[in-house]
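Participant: In our numbering, the protein residues as written are 10 to 494.
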Ligand code: AMP
Ligand code: MG
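#1: Tell whether a beta-carbon distance below 8 Å holds between residue 114 and residue 94.
#2: Residues in its own chain within less than 6 Å of residue 120 by CB, not counting five upstream and five downstream?
#3: Looking at the ligand MG, does it come within less than 7 Å of residue 256, judged from the CB to the closest heavy atom?
#4: Just reading off the alpha helix (DSSP H) that residue 116 is part of, what are its end residues?
#5: Starting from the Cα of residue 369, find the closest Cα among 352, 273, 381 and give me that residue.
#6: Quick test of the definition: if touching needs 3 or more C-beta pairs under 8 Å, does the stretch 222 to 238 touch the stretch 325 to 337?
#7: Distance check for residue 74 and residue 338, CA to CA, integer angstroms please.
#8: Among 385, 237, 325, which residue has its Cα nearest to the Cα of residue 336?
#9: Relative to the C-alpha of residue 228, which candidate in 311, 474, 245, 296 has its C-alpha closest?
#10: Taking 6 Å as the limit between beta carbons, can you name the residues of its chain near residue 122, skipping five residues before and five after?
#11: Taking only heavy atoms of the ligand AMP into account, decide whether any of them is closer than 7 Å to the Cβ of residue 138.
#12: Between the beta-carbon of residue 41 and the beta-carbon of residue 160, is there less than 8 Å?
#13: What do you reckon, are the CB atoms on residue 193 and residue 305 nearer than 8 Å?
#14: Could you work out which residue in 343, 222, 365, 279 is closest to residue 355 when comparing CA atoms only?
#15: Along the alpha helix (DSSP H) that carries residue 438, what are the first and last residues, could you check?
#16: Would you mind sorting residue 28 into buried or exposed? The rule is 16 or more other CB atoms within 10 Å of its CB.
#17: For residue 242, which residues in the same chain have their Cβ closer than 8 Å to its Cβ, ignoring the five residues on either side in sequence?
#18: Could you give the distance in angstroms between the alpha-carbon of residue 461 and the alpha-carbon of residue 221?
#19: In terms of alpha-carbon separation, which member of 15, 12, 39 lies closest to residue 452?
#20: Bridge partners for residue 372 per DSSP, in chain order?
#21: Assign residue 25 to one of two classes, buried (16 or more other C-beta atoms within 10 Å of its C-beta) or exposed (fewer than that).
#22: What I want to know is whether the C-beta of residue 181 ends up closer than 7 Å to one or more non-hydrogen atoms of the ligand AMP.
#23: So is residue 320 buried or exposed if we call it buried at 16+ other beta carbons inside 10 Å?
#24: Measure the Cβ-Cβ separation of residue 10 and residue 51 and say whether it is below 8 Å.
#25: Between the C-alpha atoms of residue 6 and residue 315, what's the straight-line distance to the nearest angstrom?
#26: How many Å lie between residue 431 and residue 245 at the Cα?
#27: In terms of DSSP beta bridges, what is residue 26 paired with?
#28: Throw me the rounded Cβ distance for the residue 188 and residue 135 pair, which I believe falls under 8 Å.
#29: Just to confirm my understanding: we take residue 425, look at its own chain, exclude 5 residues before and 5 after, and list those with CB closer than 6 Å. What are they?
#30: Report yes if the C-beta distance between residue 181 and residue 133 is below 8 Å; otherwise report no.
#31: Using the C-alpha atoms, what's the distance from residue 489 back to residue 210?
#32: In its own chain, which residues sit with a C-beta less than 7 Å from the C-beta of residue 162, not counting the 5 before and 5 after it?
#33: Measuring only the C-alpha atoms, how far is residue 393 from residue 400?
#34: How would you call residue 325, buried or exposed, if buried means at least 16 neighbouring beta carbons within 10 angstroms?
#35: Looking at the ligand MG, does it come within less than 7 Å of residue 285, judged from the CB to the closest heavy atom?
#36: What is the DSSP secondary structure of residue 215, counted as helix, strand or coil?
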């Protein structure tokens, strides 16, 4: 059972992409298949695990209807304009429509060179493939809009970075791969026809209720989606790491899990990415960068015919990003705290909690989980599944220090319902690194599979998993994450 591929993006004019076949590899082998997602898209998960399935997963075998293309785009990388980027290490195999009629891109990441590869080899080492699989599936489990991982495979070939590494390919599923940088590309070329086609395509595919609306309406919708998305990142302590405009999707999904990580102790200045020397994409900067990125999209729209007339309205949308974010973040925080009717006057409660976390060096995730525990504990064993005293470990991990007591009193006076959306298990950096190490050094995927199991059910109180909930010990701390492209 395999889906038939369709290609609406490849039906756009040829200047939107380059037709390109994947470069075959010598001995592909499937590592993991996302079975529910596979079924939803019409794949037999068992087939994806066979030799033929592995051949599909690395690009050696194309399925019926597939017309692979590398998409062209531009972008601002760390604030600097790059006139042409494009899929240099990825290939769009085509689109698949699921049983509900929803259309998804099926893309290979790491399948070889394309006209946009520049000096790169178009390949991916296994490490980043493992990382993206874990973190994107964790994000999905926590309800964050994101691209998904359909499967991952090894290629049987080496890639060379600083050292020799095993190669991998990720099969990525996204609502589409249209980026702010895609608009910037055509705008910079003054290709107004292409810009208009792209707007029509995005409205048709993602926001059909905007049919016939103005470009400003689309801009506003995208701004809302981005604000909503980044608010969710902030609420979970997620640091994307490379919020370049070529990594921001018009669909509002998170994409490109490179040097990303979840924060341990709360500190807005947290940066993990080894390439982010100035902290442009530090945790606390992400909302501001969102606004900046939307300003780049607005700027691209000004290249439309009569674009100058859009200036004031476009500026207004950009200005509003701040409030859109604040609104989404406030609503999300209210949920996390169990406040049914969030009011402006609740902001100090939030700000003071963050301040307390910062001063006490408290773990972000466990602090919120501690609130969940406080609100729900009835002094009886939570699920009875616990064989030993390890439930104590979770209790210990989620006990808030005494300094929190006055704040807790204020909070309890406001809290009306159960705090929600406070995960216990996130893919902490040291766990992800351990999974990568075992996979890369020893071809041992058991650490990866264990962690994948855990992050797929982030809210379940599992005392036998306490070790996955705890922050890193000093010697386990990961200082920097690498793009590892
Ligand atoms: P990223 O940092 O993943 O957003 O990638 C930025 C740009 O570099 C994109 O145009 C990628 O296609 C390109 N790129 C990254 N890694 C490679 C690689 N190994 N080979 C060719 N192009 C690459
Ligand atoms: Mg990218």
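Glycine included, each C-beta is placed from N, C-alpha and C at the ideal position.
Facilitator: Straight from the coordinates:
#1: Along the chain shown, one-based indexing puts residue 114 at 105. Along the chain shown, one-based indexing puts residue 94 at 85. No, Cβ-Cβ distance for residue 114 and residue 94 is not below 8 Å.
#2: For the purposes of this step, residue 120 is taken as residue 111 along the chain shown, with counting starting at 1. Here the set comprises 31, 68, 100, 178.
#3: Numbered from its first residue, the chain shown carries residue 256 at position 247. Yes, since a heavy atom of the ligand MG falls inside the 7 Å radius drawn around the Cβ of residue 256.
#4: As a position in the chain shown, residue 116 is number 107, starting the count at 1. For residue 116, no alpha helix (DSSP H) segment is defined; the enclosing uninterrupted segment is the beta strand (DSSP E) at 112 to 118.
#5: Taking the first residue of the chain shown as position 1, residue 369 is located at position 360. Here the closest residue by C-alpha is 273.
#6: Inter-segment contact for the stretch 222 to 238 and the stretch 325 to 337 is present: three or more beta-carbon pairs are separated by less than 8 Å.
#7: On the chain shown, position 329 is the one that residue 338 refers to. On the chain shown, position 65 is the one that residue 74 refers to. Rounded to whole angstroms, residue 338 and residue 74 show a C-alpha spacing of 42 Å.
#8: By one-based count along the chain shown, residue 336 stands at place 327. With distances taken between Cα atoms, residue 336 lies closest to 237.
#9: Taking the first residue of the chain shown as position 1, residue 228 is located at position 219. The shortest Cα separation from residue 228 among 311, 474, 245, 296 belongs to 311.
#10: Counting from one through the chain shown, the residue named residue 122 turns up at place 113. Excluding the 5 residues flanking it on each side, residue 122 has same chain C-beta neighbours closer than 6 Å at 131, in chain order.
#11: Residue 138 sits at position 129 when you count from the first residue of the chain shown. For the ligand AMP, not one heavy atom lies less than 7 Å from the Cβ of residue 138.
#12: In the chain shown, counting from the first residue as 1, residue 41 sits at position 32. In the chain shown, counting from the first residue as 1, residue 160 sits at position 151. In this structure, residue 41 sits near residue 160, with a CB-CB distance shorter than 8 Å.
#13: On the chain shown, residue 193 is found 184 positions in, with the first residue counted as 1. On the chain shown, residue 305 is found 296 positions in, with the first residue counted as 1. Contact flag set, yes.
#14: The residue you call residue 355 lines up with position 346 of the chain shown. It is 343.
#15: Residue 438 sits at position 429 when you count from the first residue of the chain shown. Taken as a continuous stretch (DSSP letters only), the alpha helix (DSSP H) holding residue 438 covers 438 to 451.
#16: Sequence index remark: in the chain shown, residue 28 carries index 19 (1-based). Under this definition residue 28 is an exposed residue.
#17: Translated into the one-based positions of the chain shown, residue 242 becomes position 233. The answer, listed in chain order, is 153, 248, 249, 263, 295.
#18: Here residue 461 corresponds to residue number 452 of the chain shown, with the count starting at 1. Here residue 221 corresponds to residue number 212 of the chain shown, with the count starting at 1. For residue 461 and residue 221, the gap between their C-alpha atoms comes out near 43 Å.
#19: Stepping through the chain shown from its first residue, residue 452 is reached at position 443. For the residues 15, 12, 39, the minimum Cα distance to residue 452 belongs to 39.
#20: Position 363 of the chain shown, counting from 1, holds the residue named residue 372. Residue pairing of residue 372 in beta bridges, as defined by DSSP: 274.
#21: What you label residue 25 is simply residue 16 of the chain shown in a count that begins at 1. If you draw a 10 Å sphere on the C-beta of residue 25, you find 16 or more other C-beta atoms in it, and that means buried.
#22: In the chain shown, residue 181 corresponds to position 172, counting from 1. No, the Cβ of residue 181 stays beyond 7 Å of every heavy atom of the ligand AMP.
#23: Position 311 of the chain shown, counted from the first residue, corresponds to residue 320. By the Cβ-count criterion, residue 320 is exposed, with fewer than 16 other Cβ atoms from all chains shown falling within 10 Å of its own Cβ.
#24: For this step, residue 10 is matched to residue 1 along the chain shown. For this step, residue 51 is matched to residue 42 along the chain shown. Yes. Within cutoff.
#25: The first residue shown for the chain is 10 and the last is 494, placing residue 6 beyond what the model contains.
#26: What you label residue 431 is simply residue 422 of the chain shown in a count that begins at 1. What you label residue 245 is simply residue 236 of the chain shown in a count that begins at 1. So the two alpha carbons sit approximately 8 Å from each other.
#27: Locating residue 26 in the chain shown gives position 17, counting from the first residue. BP columns for residue 26 point to 80.
#28: In the chain shown, the residue the question calls residue 188 occupies position 179. In the chain shown, the residue the question calls residue 135 occupies position 126. Taking the Cβ atoms as the reference, residue 188 lies roughly 25 Å from residue 135, outside the contact range of under 8 Å.
#29: Here residue 425 corresponds to residue number 416 of the chain shown, with the count starting at 1. Once the five neighbours on either side are set aside, the close Cβ partners of residue 425 are 349.
#30: As a working mapping, residue 181 is identified with position 172 in the chain shown. As a working mapping, residue 133 is identified with position 124 in the chain shown. Contact: no.
#31: The residue labelled residue 210 in the question sits at position 201 within the chain shown. The residue labelled residue 489 in the question sits at position 480 within the chain shown. In a straight line, the C-alpha of residue 210 is about 39 Å away from that of residue 489.
#32: Taking the first residue of the chain shown as position 1, residue 162 is located at position 153. Answer for residue 162: 37, 38, 39, 40, 63, 66, 67, 177, 178, listed in chain order.
#33: In the chain shown, counting from the first residue as 1, residue 393 sits at position 384. In the chain shown, counting from the first residue as 1, residue 400 sits at position 391. Because the pLDDT at residue 393 is just 47, under 50, the model does not fix this residue reliably, and the point stays unresolved.
#34: Here residue 325 corresponds to residue number 316 of the chain shown, with the count starting at 1. Burial check for residue 325: the Cβ neighbour count within 10 Å stays below 16, so the residue is exposed.
#35: Looking up residue 285 in the chain shown gives position 276. Residue 285: no, Cβ never under 7 Å from the ligand MG.
#36: Along the chain shown, one-based indexing puts residue 215 at 206. In this structure, residue 215 counts as helix in the three-state DSSP scheme.
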